[in-house]
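Participant: Got a structure here, written out as structure tokens. Questions coming.
In the numbering used here, the protein residues as written are 4 to 375.
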């Protein structure tokens, strides 16, 4: 009897525990965090990292693999626009230029000899034609035989063929000369790239390389400050550039410094993207964007800053926290709508996001309650 009573007590206790567990889960089901759909303003931004530099700063980059042969200035010295700051040397390019020059000299010599042979062939053709005319008259009068006439005719044909052959050779060598000259012109342009000149009047701010150092394309060789004040240069991913335009407002903050943000404006977008390596070593196509600042605060050249370029603002639109919007495997966007105490998934259409909130363009109304 005692054992039976203990079993009943254990069963009763287990039932109580089960009821408590069910109640706990039921209570958790009722305790759902929700938000109310409200109208507000939202701004889409493109965020990245930028670096503070002197306004009007000009960076002289290496455009090819080379060795620093000469640096004509020191940090702090004034430089005029057009002055040579540094000279690079590309031995491979130098060898290519020497080879092209040698081939061009040979081709031009061949052209002159071919032109002379063509001149001689044309003279021989004229003589052969004159002789053919005389023999033709004699043949028609019966003074020479058909064999003699055909022999002279063959000589004229051979002379014409010789002219055509020399013309073809001259055309070929002329085309080769043209190709060599174009290559030489291209190499000359690359040689000019080895002479780095300042594009502005200013002061040498830094010389990141030394004489004898090997540089690769994109390596900064010298930095020239050409104006007063500060600006920010940010390298923006090419895919984000479609939203950015000159004149857009920019918020600039210094990581780790609690001084609020500075206000700037996009003043320049470079016309060409540059290849940059990410922290993970991934090659990315980025476009430099210059941001002018209304005030510089405590910023100094070289500071790393966070930039948020405001690309689009919409006012009085419906907003919900971004994490409330889910995307189904089929690509449909949905939210959890609380309707009469029950939660149901409803499809929505969205607009822009600022990273925290997202615009709802269809599917919800102001005042609706949505769940996480």
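Heads up, the beta-carbon is just placed ideally off N, CA and C, and yes, glycines get one too.
1. When you compare the region 234-249 with the region 290-299, are there three or more beta-carbon pairs, one atom per stretch, that lie closer than 8 Å?
2. Please list, in chain order, all residues of the same chain as residue 313 whose beta carbon is under 8 Å from its beta carbon, the five residues on each side excluded.
3. Got a sec? Which residues, its chain only, sit under 7 Å from residue 99 by beta carbon, not counting five neighbours each side?
4. Which whole-angstrom value describes the C-beta separation of residue 214 and residue 355, a residue pair presumed to lie in contact below a C-beta threshold of 8 Å?
5. From the DSSP output, which residues share a beta bridge with residue 311?
6. How close, in whole Å, do the beta carbons of residue 325 and residue 361 come, if the pair is a contact with beta carbons under 8 Å?
7. Whole-angstrom Cβ separation of residue 84 and residue 201, contact assumed at under 8 Å?
8. What does DSSP give as the partner residues of residue 64 in its beta bridges?
9. Does DSSP classify residue 31 as helix, strand or coil?
10. Do the region 279-286 and the region 303-321 touch if we need at least three Cβ pairs shorter than 8 Å?
11. How many Å lie between residue 143 and residue 174 at the Cα?
12. Please go through the region 282-338 and give each complete beta strand (DSSP E) segment of 3 or more residues, from N-terminal end onward.
13. Please report the Cβ distance between residue 351 and residue 338, rounded to the nearest whole angstrom; I am assuming they are in contact, meaning their Cβ atoms lie under 8 Å.
14. Taking a contact to mean a Cβ-Cβ separation below 8 Å, would you say residue 304 touches residue 233 in this structure?
15. Less than 8 Å between the C-beta atoms of residue 249 and residue 79, yes or no?
16. Nearest-angstrom Cα distance between residue 334 and residue 40?
17. Taking C-beta to C-beta, are residue 229 and residue 59 nearer than 8 Å?
18. May I have the straight-line CA-CA distance separating residue 159 from residue 130, to the nearest angstrom?
19. Please go through the same chain and pick out, in chain order, the residues whose beta-carbon is closer than 6 Å to the beta-carbon of residue 172, but skip the five residues on each side of it.
20. Could you spell out where the beta strand (DSSP E) holding residue 234 opens and where it closes?
21. Just to confirm, are residue 119 and residue 224 a CB contact at a threshold of 8 Å?
22. Can you tell me the Cα-Cα spacing of residue 66 and residue 222, whole angstroms?
23. Would you check if the distance between the CB atom of residue 227 and the CB atom of residue 114 is smaller than 8 Å?
24. From the DSSP output, in three-state form, read off residue 73 for me.
25. Just to confirm, is the Cβ distance from residue 374 to residue 37 under 8 Å?
26. Quick check on DSSP: helix, strand or coil for residue 1?
27. Helix, strand or coil: how does DSSP classify residue 25 here?
28. For residue 181, count the other beta carbons within 10 Å of its own beta carbon; 16 or more makes it buried, fewer makes it exposed. Which is it?
29. If you draw a straight line from the alpha carbon of residue 177 to that of residue 124, how long is it in whole angstroms?
30. Could you pull the start and end residues of the alpha helix (DSSP H) that residue 196 belongs to?
31. Out of curiosity, what's the CA-to-CA distance linking residue 243 and residue 273?
32. I believe residue 295 touches residue 267 by the beta-carbon criterion, under 8 Å. Please report the beta-carbon distance rounded to the nearest angstrom.
33. What number of angstroms, rounded off, separates the C-alpha of residue 1 from the C-alpha of residue 315?
34. Hey, how far is the Cα of residue 161 from the Cα of residue 126?
35. Round the Cβ separation of residue 208 and residue 90 to the nearest angstrom and send it over; I've been treating them as touching at under 8 Å.
36. In whole angstroms, give me the CA-to-CA distance for residue 332 and residue 245.
Facilitator: The answer reads as follows:
1. yes
2. Walking along the chain shown from the start, residue 313 turns up at place 310. Excluding sequence neighbours, residue 313 sits near 46, 47, 48, 251, 252, 253, 254.
3. Here residue 99 is taken as the residue at index 96 of the chain shown, counted from 1. Within the same chain, residue 99 has close Cβ partners 190.
4. Counted from its first residue, the chain shown places residue 214 at position 211. Counted from its first residue, the chain shown places residue 355 at position 352. Contact flag wrong, Cβ pair sits at about 52 Å.
5. Translated into positions along the chain shown, residue 311 becomes position 308. Paired residue(s): 50, 254.
6. For this step, residue 325 is matched to residue 322 along the chain shown. For this step, residue 361 is matched to residue 358 along the chain shown. Residue 325 to residue 361, Cβ: 4 Å. Contact.
7. For this step, residue 84 is matched to residue 81 along the chain shown. For this step, residue 201 is matched to residue 198 along the chain shown. About 6 Å; that satisfies the 8 Å criterion.
8. Counted from its first residue, the chain shown places residue 64 at position 61. Note: residue 64 sits in a beta bridge opposite 223.
9. Counted from its first residue, the chain shown places residue 31 at position 28. Confidence in residue 31 is poor, its pLDDT being 42 and thus under 50, which makes the residue's placement unreliable; the coordinate value appears in the next sentence. Helix, per DSSP.
10. no
11. Sequence index remark: in the chain shown, residue 143 carries index 140 (1-based). Sequence index remark: in the chain shown, residue 174 carries index 171 (1-based). Going by the C-alpha atoms only, they are around 39 Å apart.
12. 286-296, 307-324
13. Locating residue 351 in the chain shown gives position 348, counting from the first residue. Locating residue 338 in the chain shown gives position 335, counting from the first residue. That pair is a contact at about 5 Å.
14. The residue you call residue 304 lines up with position 301 of the chain shown. The residue you call residue 233 lines up with position 230 of the chain shown. Yes. Within cutoff.
15. In the chain shown, residue 249 corresponds to position 246, counting from 1. In the chain shown, residue 79 corresponds to position 76, counting from 1. Not in contact: residue 249 and residue 79 (Cβ atoms no closer than 8 Å).
16. The residue you call residue 334 lines up with position 331 of the chain shown. The residue you call residue 40 lines up with position 37 of the chain shown. Distance between the alpha carbons of residue 334 and residue 40: 23 Å.
17. Here residue 229 corresponds to residue number 226 of the chain shown, with the count starting at 1. Here residue 59 corresponds to residue number 56 of the chain shown, with the count starting at 1. Yes. Within cutoff.
18. Within the chain shown, numbered from 1, the residue matching residue 159 stands at position 156. Within the chain shown, numbered from 1, the residue matching residue 130 stands at position 127. Approximately 8 Å, taken between the alpha carbons.
19. Here the question's residue 172 lines up with position 169 in the chain shown. If we look at residue 172 and ignore the five residues flanking it on each side, its Cβ neighbours are 117.
20. Here the question's residue 234 lines up with position 231 in the chain shown. Looking at the DSSP string, the run of the beta strand (DSSP E) that includes residue 234 is 233-240.
21. Position 116 of the chain shown holds residue 119. Position 221 of the chain shown holds residue 224. Cβ distance not < 8 Å, so residue 119 and residue 224 don't count as in contact.
22. As a position in the chain shown, residue 66 is number 63, starting the count at 1. As a position in the chain shown, residue 222 is number 219, starting the count at 1. Computed Cα separation, rounded: 8 Å.
23. In the chain shown, counting from the first residue as 1, residue 227 sits at position 224. In the chain shown, counting from the first residue as 1, residue 114 sits at position 111. No, Cβ-Cβ distance for residue 227 and residue 114 is not below 8 Å.
24. Stepping through the chain shown from its first residue, residue 73 is reached at position 70. Strand.
25. The sequence position of residue 374 within the chain shown is 371, counting from 1. The sequence position of residue 37 within the chain shown is 34, counting from 1. Their beta carbons are under 8 Å apart, which means residue 374 touches residue 37 by this criterion.
26. The structure shown has nothing for residue 1, since the chain only spans 4 to 375.
27. One-based indexing of the chain shown puts residue 25 at position 22. Only weak support exists for where residue 25 lies, its pLDDT of 38 falling under 50; the value from the coordinates is given anyway. Note: residue 25 maps to helix in three-state DSSP.
28. As a first step, residue 181 is located in the chain shown; it is residue number 178 there, counting from the start. Classification for residue 181: exposed.
29. On the chain shown, position 174 is the one that residue 177 refers to. On the chain shown, position 121 is the one that residue 124 refers to. Near 18 Å, if we compare the C-alpha coordinates of residue 124 and residue 177.
30. Residue 196 sits at position 193 when you count from the first residue of the chain shown. Looking at the DSSP string, the run of the alpha helix (DSSP H) that includes residue 196 is 149-196.
31. Along the chain shown, one-based indexing puts residue 243 at 240. Along the chain shown, one-based indexing puts residue 273 at 270. Roughly 14 Å between the two C-alpha positions.
32. On the chain shown, residue 295 is found 292 positions in, with the first residue counted as 1. On the chain shown, residue 267 is found 264 positions in, with the first residue counted as 1. Confirmed, about 6 Å.
33. Given a span of 4 to 375 for the chain in the structure shown, any question on residue 1 remains unanswerable.
34. Residue 161 sits at position 158 when you count from the first residue of the chain shown. Residue 126 sits at position 123 when you count from the first residue of the chain shown. Residue 161 and residue 126: Cα-Cα distance of roughly 13 Å.
35. The sequence position of residue 208 within the chain shown is 205, counting from 1. The sequence position of residue 90 within the chain shown is 87, counting from 1. About 19 Å; that fails the 8 Å criterion.
36. By one-based count along the chain shown, residue 332 stands at place 329. By one-based count along the chain shown, residue 245 stands at place 242. Roughly 28 Å between the two C-alpha positions.
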